[in-house]
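Be aware that the sequence shown starts at 180, since it is given in my numbering, and climbs by one per residue. A short worksheet on the structure shown next.
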Amino acid sequence: MSFDQQQVASLIRKFASADKLLAEAYINGIIYVDDQNQKLIEGLKKTGILRIADRSDEYRLTTDIKHLIDRLLLRNLRYRHNTDMSKMINGVEEDIEAYRFAFEHNEQDEAKYHLEQIDDNLYESMEMLENSLSVMFSNITSQFGFVNSLASKIRENERALAYAQLLVKELNQINLNDCYNWFNWAAPPELAHKIIRFIDQYKSIVERLASIVDRMKTLLFTLRLQEQTANRTRALAQYLKQHPEWEPQDWSNEAVVPKMLQRGTGLTLQAGINTTKASLQADFINIIQQLKRQARPIASKDKSRDSIAVNAEETATIEYLRDVYETHVETLFAQALEKQGHQISALDYWKTVKLDINPDLWLDLVFAQYCCLQQHIKRVIALEMQGKTLSGFNGNQLISEILLRRIK
């Protein structure tokens, strides 16, 4: 094994021996020195893998190592890079000229070195653009990406669009005719193959970038519409809170409402005996005094007794009390569903059945039950309300008639 190979193998062994420590430094961003890892950290610092942080006992990964892990894992990778295509093209042209000189003078080692330089520069530039496009597309198509609000998402997409337009400007500096001239001097196949691969990747990236820019403009327009809708909804909600002029009428406590529909006072539940009740205090005192005078406590009753059969004839049947008016509303809806396009009047039904209920309350019940229907039934029945409109409102606030019609 040569000396260079020994150095590479030694560096890889250092990575393997400190795998957990380096993983902690990458995930947490920093590691601390203690008695157990001090020797290992000193060795990694000499190798150039770790560097000192803000304090003497804190260490971080060096920039090159962190970028290497980022690139391999595609973790925390940013799509905005300082892309200078003209500088890259000039560097490649210089390497090609050096490779041509070495190849024509039969300097094989130097030609091989320059060919590797050309391959690295072309590959790294295209790889950087590929990763940039992939991460950019992932960020703009995700719901919120790395942000947590609609406004932040819009700003993120605006920055991405600005970077994409800058990238288009940079890519326009590449002239494919000049790239074809790089191997028009009877270049060997290995050089021509690398250049043609670079040209193919460049065309693919330009097509993808154009598609991404169009997608970004469409998404940005959609996000701005959503932001406007959200702002209008918030403003309307705030306006309604500040102007509570209209409130729905409460029929439950009026005299015209049947007893079944009146709102009850509710049940008052008591978990135990109310000891603060004055009428019971004398009995409580008597019980407490009797318990104090007992010489021996009263034995509990024997609970081990035989089971007693239940006489089925003694059981009474409790009839199910169904809401009569809910039944009438369901009958009204059923009549509306019987014929396509046939219109049913809620007031005509009220008159025909002769319901013992105020007509305004009956219309409110019909509308309330319609609002409680499932969506697929609502799409079948069309509801048309007639009545007066109060000033300052768009809909019917005083309903005088409801017409139902099947539309599907």
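Virtual Cβ for every residue (Gly too), placed ideally from N, Cα, C. The structure displayed is predicted, hence computed values, not measured ones.
- Message: Using only the alpha-carbon positions, how far apart do aspartate 485 and phenylalanine 463 sit?
- Response: Position 306 of the sequence shown holds residue 485. Position 284 of the sequence shown holds residue 463. The straight-line gap from Cα to Cα measures roughly 34 Å.
- Query: Expressed to the nearest angstrom, what Euclidean distance is found between the alpha-carbon atoms of leucine 415 and leucine 448?
  - Reply: For this step, residue 415 is matched to residue 236 along the sequence shown. For this step, residue 448 is matched to residue 269 along the sequence shown. One C-alpha to the other measures close to 42 Å.
- Item | lysine 154, DSSP secondary structure in three states | Nothing about residue 154 can be reported from this structure: the residues present for the chain run from 180 to 587 only.
- Query: Grouping DSSP H, G and I as helix and E and B as strand, with all else coil, what is asparagine 255?
  - Reply: Within the sequence shown, the letter at position 76 stands for residue 255. Model confidence at asparagine 255 stands at a pLDDT of 43, short of 50, so the residue's coordinates are unreliable and nothing is read from them.
- Use the C-beta contact count for lysine 225: other C-beta atoms within 10 angstroms, 16 or more gives buried, fewer gives exposed. As a first step, residue 225 is located in the sequence shown; it is residue number 46 there, counting from the start. By the neighbour-count rule (16 or more Cβ atoms within 10 Å), lysine 225 is not buried but exposed.
- Query: Going by other Cβ atoms of all chains shown within 10 Å of its Cβ, with 16 needed for buried, is tyrosine 238 buried or exposed?
  - Reply: For the purposes of this step, residue 238 is taken as the residue at position 59 of the sequence shown. By the 10 Å Cβ count, tyrosine 238 comes out buried.
- Query: alanine 232 by DSSP, collapsed to three states: which one?
  - Reply: Residue numbering aside, residue 232 sits at position 53 when the sequence shown is read from its first letter. Reduced to three states, the DSSP call for alanine 232 is coil.
- Task: Check the C-beta distance from phenylalanine 380 over to methionine 315 and give it rounded, since I have them as a contact under 8 Å.
- Result: Start at 1 with the first residue of the sequence shown, and residue 380 comes out as number 201. Start at 1 with the first residue of the sequence shown, and residue 315 comes out as number 136. A quick correction: the sequence has glutamine, not phenylalanine, at residue 380. At roughly 17 Å, the Cβ-Cβ gap does not stay under 8 Å, so glutamine 380 and methionine 315 are not in contact.
- Task: Consult DSSP for isoleucine 374 and reduce its assignment to one of helix, strand or coil.
- Result: Working through the sequence shown from its first residue, we reach residue 374 at position 195. Of the three classes helix, strand and coil, the one that applies to isoleucine 374 here is helix, per DSSP.
- Message: Just to confirm, is the Cβ distance from isoleucine 248 to tyrosine 205 under 8 Å?
- Response: As a working note, residue 248 is residue 69 in the sequence shown. As a working note, residue 205 is residue 26 in the sequence shown. Yes; because the gap between Cβ atoms is below 8 Å, this pair is in contact.
- DSSP beta-bridge partners for tyrosine 211? Here residue 211 refers to the residue found at position 32 when the sequence shown is read from its first residue. Beta-bridge pairing links tyrosine 211 to Glu237.
- Message: Relative to the C-alpha of serine 579, which candidate in Glu273, Ala195, Asp539, Asp288 has its C-alpha closest?
- Response: Counting from 1 along the sequence shown, the entry for residue 579 is found at position 400. Among Glu273, Ala195, Asp539, Asp288, the Cα nearest to that of serine 579 is on Asp539.
- Pull up the DSSP beta-bridge partners for leucine 582, would you. Residue mapping note: residue 582 aligns to position 403 of the sequence shown, counting from 1. The partner list for leucine 582 (beta bridge, DSSP) reads Ser524, Glu563.
- Where serine 390 and glutamate 337 are concerned, what is the direct C-alpha to C-alpha distance, given to the nearest angstrom? Taking the sequence shown and counting its residues from 1, the one referred to as residue 390 is at position 211. Taking the sequence shown and counting its residues from 1, the one referred to as residue 337 is at position 158. When rounded, the distance between both Cα atoms is 16 Å.
- Task: Could you check the C-alpha separation between aspartate 527 and glutamate 563 for me, to the nearest Å?
- Result: What you label residue 527 is simply residue 348 of the sequence shown in a count that begins at 1. What you label residue 563 is simply residue 384 of the sequence shown in a count that begins at 1. The alpha-carbon atoms of aspartate 527 and glutamate 563 are separated by roughly 15 Å.
- Item | Contacts around valine 545, its chain only, beta-carbon distance under 7 Å, and the 5 residues preceding and following it disregarded | Residue 545 sits at position 366 when you count from the first residue of the sequence shown. Cβ within range, chain order: Val508, Leu511, Ala525, Ile581.
- Task: State buried or exposed for tryptophan 364, treating a residue as buried only when at least 16 other CB atoms are found within 10 Å of its CB.
- Result: Stepping through the sequence shown from its first residue, residue 364 is reached at position 185. Label assigned to tryptophan 364: exposed.
- Beta-carbon contacts of alanine 515 that lie in its chain and below 7 Å, excluding the five residues immediately before and after: By one-based count along the sequence shown, residue 515 stands at place 336. Ile523, Ile560, Leu583, Arg584, Arg585, listed in sequence order.
- Expressed to the nearest angstrom, what Euclidean distance is found between the alpha-carbon atoms of alanine 371 and serine 328? Your numbering for residue 371 matches position 192 in the sequence shown. Your numbering for residue 328 matches position 149 in the sequence shown. About 50 Å.
- Query: Excluding the five sequence neighbours on either side, which residues of its own chain have a C-beta within less than 7 Å of the C-beta of isoleucine 244, listed in chain order?
  - Reply: The sequence position of residue 244 within the sequence shown is 65, counting from 1. Counting only Cβ-Cβ distances below 7 Å, and skipping sequence neighbours, we find Ile228.
- Item | From Glu505, Ile384, Asn216, residue whose alpha carbon lies closest to that of tryptophan 529 | As a working mapping, residue 529 is identified with position 350 in the sequence shown. Looking at the Cα atoms, Glu505 is the closest of the given residues.
- Message: For glutamine 184 and arginine 192, what's the separation of their Cα atoms in angstroms?
- Response: Along the sequence shown, one-based indexing puts residue 184 at 5. Along the sequence shown, one-based indexing puts residue 192 at 13. Going from the Cα of glutamine 184 to the Cα of arginine 192 covers about 12 Å.
- Item | Classification of lysine 332 by the beta-carbon crowding that lies within 10 angstroms, buried from 16 upward | Counted from its first residue, the sequence shown places residue 332 at position 153. Buried: at least 16 other Cβ atoms inside 10 Å.
- Message: For the alpha helix (DSSP H) containing glutamate 276, name the first residue and the last one.
- Response: Looking up residue 276 in the sequence shown gives position 97. That run of the alpha helix (DSSP H) goes 264–283.
- Query: Is the CB-CB distance between glutamine 352 and serine 235 below 8 Å?
  - Reply: In the sequence shown, counting from the first residue as 1, residue 352 sits at position 173. In the sequence shown, counting from the first residue as 1, residue 235 sits at position 56. Contact: no.
- Of all the options Lys382, Gly222, Asn354, Trp541, which has the alpha carbon lying nearest to the alpha carbon of proline 437? If you number the sequence shown from 1, residue 437 lands on position 258. When each option's Cα is compared against that of proline 437, the closest is Trp541.
- Item | Limits of the alpha helix (DSSP H) - the one that tryptophan 541 falls within | Here residue 541 corresponds to residue number 362 of the sequence shown, with the count starting at 1. From DSSP, the alpha helix (DSSP H) with tryptophan 541 extends over 538–550.
- Task: Since I believe proline 367 is in contact with phenylalanine 280 (beta carbons under 8 Å), could you give me their beta-carbon distance rounded to a whole number of angstroms?
- Result: Position 101 of the sequence shown, counting from 1, holds the residue named residue 280. Position 188 of the sequence shown, counting from 1, holds the residue named residue 367. That pair is no contact at about 14 Å.
- Task: Kindly indicate if chain D contains any beta-carbon less than 8 Å away from that of isoleucine 244.
- Result: Looking for chain D here will not work: only one protein chain is present.
- Measure the beta-carbon distance from leucine 399 to leucine 312 and round it to whole angstroms, keeping in mind my assumption that it falls under 8 Å. By 1-based counting over the sequence shown, the position of residue 399 is 220. By 1-based counting over the sequence shown, the position of residue 312 is 133. No, leucine 399 and leucine 312 are not in contact; Cβ-Cβ is about 17 Å, not under 8 Å.
- Message: According to DSSP, simplified to helix, strand and coil, what is glutamine 441?
- Response: If you number the sequence shown from 1, residue 441 lands on position 262. In this structure, glutamine 441 counts as coil in the three-state DSSP scheme.
- Whose C-beta lies closer than 7 Å to the C-beta of histidine 246 among residues of the same chain, with five residues either side of it excluded? For this step, residue 246 is matched to residue 67 along the sequence shown. Cβ neighbours of histidine 246 beyond the five flanking positions: none.
- Message: Let me check one thing: in DSSP terms, what residues is leucine 577 bridge-paired to?
- Response: Counted from its first residue, the sequence shown places residue 577 at position 398. Answer is Lys567.
- Message: Contact defined as beta carbons within less than 8 Å: I believe leucine 223 pairs with alanine 202. What is the distance between those atoms, to the nearest angstrom?
- Response: By one-based count along the sequence shown, residue 223 stands at place 44. By one-based count along the sequence shown, residue 202 stands at place 23. Leucine 223 to alanine 202, Cβ: 13 Å. No contact.
- Message: the ligand ADP and methionine 439: does the residue's C-beta get closer than 7 Å to at least one heavy atom of that ligand?
- Response: For the structure depicted, the ligand ADP is absent and the ligand set is empty, with no information on it obtainable.
- Under 8 Å by Cβ, that's how I've got isoleucine 378 and cysteine 358 pegged, so tell me the actual separation to the nearest angstrom. Counting from one through the sequence shown, the residue named residue 378 turns up at place 199. Counting from one through the sequence shown, the residue named residue 358 turns up at place 179. Confirmed, about 6 Å.
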